[in-house]
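Numbering (UniProt numbering), first residue to last: 6 to 733. Let me begin by presenting the structure, written as C-alpha cells, before commenting on it.
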Ligand code: LAN
C-alpha cells in the first residue's frame, strides 16, 4: 500500500462531490509556523500565487522540467536535490504531510465542537474527504493508523468526526462504518482515550472512563510511580486529561449528540450500564492489555478511593496544581504544546477554567491550525506541528555527504536551511523548569520549531551536526557561534542514561515496571523513556564531529560518554545481528544508526565479528531486485517482515548501513544503487511508497521527505567509496 499517495480507500461507486478548489489552497510558513489557507477571492489568489511546493503537496501538477538523465550515482543525487530544493519553504525549512495516526483529528475536531469554534467550510469538507479516502474499502472502518486494520478506536472516533462535520447518518459510507462498529461491539468497546473523548462530547457517561486522578500529581517526587517519571508524552496527556476527568465536564446534549447516542451503541442508550464497561475493549484494539495490577488499582480507585477518601479539599488542591502545570505548558510553548494530543486537551482545560472567550482559548484555536495539513485526499492532522528542524538538518547533511554543498547552485538553498536552524535553536530554559519537571533546553533543537520548545536528544544532535558540517565549508556563513555549538554539546552530555544509551526527550526517570500501569491499551512501551540505538547514535556522531573540530573542549567527558554509549549499542544488538528500530521501520533503520555508531569509533567489517554479523543480517534480506523492503509488521512483532515490494527508503538505509560498516564487496551495493536510480523520475523526484516511521511499536507515521534525503545520502556515500561510475 502507498502511505501518502493518492486515495486508496474510497468506497467503490462513491464519488466525492465535495472537493474544494485545490488551486485556492496555500501553505504559509511564518518562521516555521505552518498553516494552510483557502483563498476566497480572485484578488487574494493574484496577490498570493501558488508555489511549486503548494502544488506538490496538493497533488497538482508541478510542471517541473525533466532533467538530464542521471547516469552516475552523483548525477542522480544531484537531480534528487534539484527537485527537492524546489520544495524548500520560505524560511529555509522543509515541510510535509506528517500523517499516519488516525486518532489525532478526533481530538482536534471534538475540541472545536465543544468549544464552539467556527470550523471553516473548506476545512470541514476536506477533513471529511480525507477520512472517506482513508476508510477501509472492505469493512468501512478506520484503524489506529492509516495502514492498520479497523478498530473500535479508529472507527468510533472518525465516525463521530464525520458526523460532527455534517456527514449524514444515512450516507452509505456511514452506514457501512456503523455496521462495522456494531459488529465490533459498539463504542463501549473502545480504549480509554475513546471513552474520554466520547464522555467530553456527552455521548457516553463519565462512569465508563477508568479514573484519571489529578491527585497523582501531588505525590512526592520520590514515589516510584510519580508522573514526573513517565515518558513526556504520557504525562503531558495525563495532565490535562486528569483535569477534565476531575471536572467530569461534558458538552450539553443537543440533537446531534442525541442522535449519536443512538448510532454508536448496539443497545438503547438508556439501557447501558456505563460503569460496567470501564474495562470493555474489543480484541482488535487491545494491543497492550491492562495488567491485573492496573485492574486492581482501578477497582480500588472506583470503589474505595473516590467514594471514601477523595475529599473536596484534596480535589481542589489537585485541580489547582494541575491547572498550574497546564498553564505553564501553554506559556512555555506559546500555546503550541508538545503534540496534537495534549494541545486540544489543554485548550479544553482553558475553556473550562478561563471561559470560552478567553485569550488562552483564542490562542489555542489559532495554534491548533498548525497541526493541519492538506493533500490530494483532503485535510489531515500531522503528528506534530511539523518536521521543520529534523528534516532540514538531515537535508543539509545528505547534501554534504553527496558533495552537493560545494556546488554553487545549492549554496543559496543550504544557506537558507542554515538560517532556519539558526533561528530554531532554543536559547532559554523553560520557565519554572524545576516545578514543571522539564529537562533543560538551552542550546537544544527540537523536532519541529523553537516555539514548541521541547529538547530531543537526536534532533539536537542532527541539527548541531548539520550546523558544524556546513559552517566548516568556507563558502558558508558562521551563523551559529562556537559558544552556541558548545551549549548544544553541553546539553547532549546531560542526556545519557545509566545504561549508556540515550532516550528521546529526557534521560529515563522511572522503572520499566511502570509499563504495568500502561492504561492506553493501544500502545506498547509508552510509560517511561527507553534507550534507543537511533538516539544514542545521533548523539555519538554529533560528539565525534564536535571533537574533531574542538578537540580540547570537555574531551574527557566526551570520551567517557562515547565509551558508555558504544557499550550500550553493542549490548542492544540481537543475537541475529540486528537492532530493533523504534522510530523508523524497523531493523534497516536501526541497523543504519547502530553501524554508524560503531564505524565512528573504527569498528567495522574488517575488524569486528559483530559488524560482520550485522551486515550478514541485512544481506540475507536483500531482495531479488537489489532493494530492501520491510513492512510495519516488523515493529509490531519484533521480527523482520518482508514487504512484497522493495522500498527506496529502506534500500537507502541498508545501503548506508553497509557502506558505513565498510562492507567490502561492491556487487550487492551496486545492485541497490541501481534500484534507487531506476526508481527516480525524470524530474529528479522519487515517488511515495509505503509508510516509513513508527512510534510506540504499534502506530505508524509518514516521513515523506525520507525518500529524498536518504537516497541522496546513500548515493553520495556510495560514490565516495566506490567511485562515481556510470551505472545506467
Ligand atoms: C516523534 C517524532 C520524531 C521522533 C524522532 C526524532 C524521529 C525520534 O528519533 C525521537 C522521538 C520523536 C521526537 C517522536 C516522539 C513521539 C511523537 C512525538 C513522534 C513519533 C511524532 C508523533 C509522536 C506523538 C507521541 C504523537 C502523539 C501520540 C501520543 C501517544 C501522545
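Using N, Cα and C, we set each Cβ at its ideal position, and we do this for glycine too.
Backbone secondary structure at residue i - three-state DSSP
i	result
residue 716	helix
residue 106	strand
residue 322	helix
residue 727	helix
residue 236	coil
residue 167	helix
residue 386	strand
residue 6	Note that residue 6 has pLDDT 46, beneath the 50 cutoff, so the model's placement of it is unreliable and no number is given.
residue 473	helix
residue 428	helix
residue 38	strand
residue 24	coil
residue 301	helix
residue 699	strand
residue 32	strand
residue 597	helix
residue 620	helix
residue 507	strand
residue 706	strand
residue 602	helix
residue 293	coil
CB-CB length for residue i against residue j, believed under 8 Å
i	j	result
residue 244	residue 109	At roughly 18 Å, the Cβ-Cβ gap does not stay under 8 Å, so residue 244 and residue 109 are not in contact.
residue 158	residue 527	6 Å
residue 368	residue 340	4 Å
residue 392	residue 466	Not quite, the Cβ-Cβ distance comes to about 16 Å (not below 8 Å), so this is no contact.
residue 627	residue 673	6 Å
residue 647	residue 569	Contact flag wrong, Cβ pair sits at about 35 Å.
residue 474	residue 405	5 Å
residue 525	residue 197	6 Å
residue 397	residue 344	Not a contact, Cβ separation roughly 19 Å.
residue 69	residue 91	6 Å
Cut-off 8 Å between Cβ atoms - residues of its own chain near residue i, not counting five sequence neighbours on either side
i	result
residue 252	324 and 357
residue 732	76, 77, 78, 675, 678, 679 and 682
residue 19	Low per-residue confidence applies at residue 19: pLDDT is 47, beneath 50, and the placement is therefore not dependable enough to give any value.
residue 125	43
residue 651	628, 630, 631, 632, 633, 634 and 680
residue 93	58, 99, 418, 421 and 422
residue 40	32, 33, 374, 375 and 377
residue 687	71, 72 and 74
Close beta carbons around residue i, own chain, < 6 Å, minus the five adjacent residues each side
i	result
residue 15	At residue 15, the pLDDT of 42 sits below 50, so the modelled position is not reliable; the number obtained from the coordinates is stated separately. Result list for residue 15: 138, in chain order.
residue 29	43 and 44
residue 455	429 and 431
residue 735	Any question about residue 735 goes unanswered here, given that the chain covers just 6 to 733.
residue 17	With a pLDDT of only 40 at residue 17, under 50, the local geometry of the prediction cannot be trusted, and the value read off the model is given with reservation. Closer than 6 Å at the Cβ level, and outside the excluded window around residue 17, lies no residue.
residue 708	697 and 698
residue 484	423 and 427
Cβ neighbours of residue i in the same chain (closer than 7 Å, five flanking residues each side left out)
i	result
residue 480	416
residue 162	108, 111, 199 and 202
residue 25	43, 127, 130 and 131
residue 492	447 and 448
residue 409	82, 83, 86 and 415
residue 624	673
residue 685	75, 81, 84, 85 and 691
residue 711	654 and 697
Any non-hydrogen atom of the ligand SAM within 8 Å of residue i CB
i	result
residue 531	The ligand content of the structure shown is limited to the ligand LAN, which means the ligand SAM is not among them.
CB contact check: residue i to chain B, cutoff 9 Å
i	result
residue 370	Of the chains in the structure shown, none is chain B; there is only one protein chain.
On the three-pair Cβ rule with 8 Å, is the segment 202-221 touching the segment 494-510? no
Evaluate contact between the segment 603-614 and the segment 663-671, counting only Cβ atoms and requiring at least three cross-stretch pairs below 8 Å. yes
Across the segment 562-578 and the segment 628-645, are there enough close Cβ pairs to call them in contact, namely three or more that are closer than 8 Å? no
Hey, which unbroken runs of the alpha helix (DSSP H) at 4 residues or more fall wholly within the segment 43-80? 47-52 and 57-63
Count Cβ pairs between the segment 715-722 and the segment 104-119 that sit closer than 8 Å; are there 3 or more? no
Contact between the segment 587-604 and the segment 656-665 is defined here as three or more beta-carbon pairs at a separation below 8 Å; is this criterion met? Flag = yes, the segment 587-604 and the segment 656-665 touch.
Is the segment 192-203 close to the segment 261-272, with three or more CB pairs under 8 Å? yes
Alpha helix (DSSP H) runs wholly inside the segment 510-556, at least 4 long, in chain order: 538-554
Stretch-stretch touch, CB-based, cutoff 8 Å, three pairs: the segment 684-704 with the segment 584-597: yes
In chain order, which continuous runs of the alpha helix (DSSP H) of length 4 or greater are located wholly inside the segment 323-400? 347-359 and 364-373
Could you tell me whether the segment 52-69 touches the segment 361-380, where touching means 3 or more Cβ pairs closer than 8 Å? yes
Using 8 Å as the Cβ pair cut-off and three pairs as the minimum, do the segment 230-237 and the segment 507-524 touch? With a cut-off of 8 Å, the segment 507-524 and the segment 230-237 count as touching, because enough Cβ pairs lie within range.
Determine contact between the segment 246-262 and the segment 533-542, defined as no fewer than three beta-carbon pairs at a distance below 8 Å. no
So, does the segment 300-320 touch the segment 419-428, judging by three or more C-beta pairs under 8 Å? no
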